[in-house]
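Some notes on the structure that comes next.
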Amino acid sequence: MRYQLFRDDDHSQPVAESDEFQSEFKATEWARAWVKTNGAHDRYRFQQVDGGRPMLLLKTVAGQWYVMPLAEQVAA
24 MRYQLFRDDD HSQPVAESDE FQSEFKATEW ARAWVKTNGA HDRYRFQQVD
74 GGRPMLLLKT VAGQWYVMPL AEQVAA
């Protein structure tokens, strides 16, 4: 599976695209590592290239990144 990262306020173009991952866990590790080193904003959206449930990457005031699945109503 391939994944894309978008700024949460702009879903028109991905800021990064992953290589192939066999598990969502490995893809989530990739996304978290990417935002730690390249993230210029505090919210990113992360999802499979072919769709699927999106997840929100959120940076706390302390600088930690959390990954949360988004409900379908919010994702639309």
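Residue numbering for the sequence shown follows our numbering, beginning at 24 and increasing consecutively. For each residue, glycine too, the CB sits at the ideal point set by N, CA and C.
What are the start and end residues of the alpha helix (DSSP H) that includes residue i?
i, result
"Phe-48", "47-61"
Of the choices the options, whose alpha-carbon is the least far from that of residue i?
i, options, result
"Ala-63", "Met-24, Asp-31, Gly-75 and Val-90", "Asp-31"
"Lys-82", "Arg-66, His-34 and Asp-73", "Arg-66"
Residues in its own chain within less than 6 Å of residue i by CB, not counting five upstream and five downstream?
i, result
"Glu-40", "Gln-27"
"Met-24", "Phe-44 and Gln-71"
"Pro-77", "Arg-68, Gln-70, Leu-93 and Ala-98"
"Trp-53", "Ser-41"
Taking residue i as part of the beta strand (DSSP E), name the residues at either end of that continuous run.
i, result
"Arg-66", "66-71"
"Gln-27", "26-30"
With distances taken between CB atoms, is the gap from residue i to residue j smaller than 8 Å?
i, j, result
"Thr-51", "Val-84", "no"
"Leu-79", "Val-58", "no"
"Val-38", "Phe-29", "yes"
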